[in-house]
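Letter 40 of the sequence shown, counting from 1, is numbered 40 in my numbering, and no numbers are missing. First up is the structure itself, then whatever we jot down about it.
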Amino acid sequence: MTQNTTYLSSFFLLAFGAALYTNGYKEQRAGESAGRADAVWKL
1 MTQNTTYLSS FFLLAFGAAL YTNGYKEQRA GESAGRADAV WKL
């Protein structure tokens, strides 16, 4: 039970971190190609 919960929480944290990293990478690339003004407008 405890081992399964630890596995699920670790998997969730890993997936969450990967999602944040991917989102941040996409935002950075979008900012580079579209420019600072468009990035501010999206916020």
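For each residue, glycine too, the CB sits at the ideal point set by N, CA and C.
7 Å Cβ shell around residue i - same chain, five flanking residues per side excluded
{"i": "residue 25", "result": "none"}
Cβ-based neighbour list, residue i, same chain, cut-off 8 Å, excluding 5 preceding and 5 following
{"i": "residue 18", "result": "none"}
Distance cut-off 7 Å: residue i Cβ against heavy atoms of the ligand PLP
{"i": "residue 13", "result": "As far as ligands go, the structure on display features none, and thus does not contain the ligand PLP."}
Close beta carbons around residue i, own chain, < 6 Å, minus the five adjacent residues each side
{"i": "residue 8", "result": "none"}
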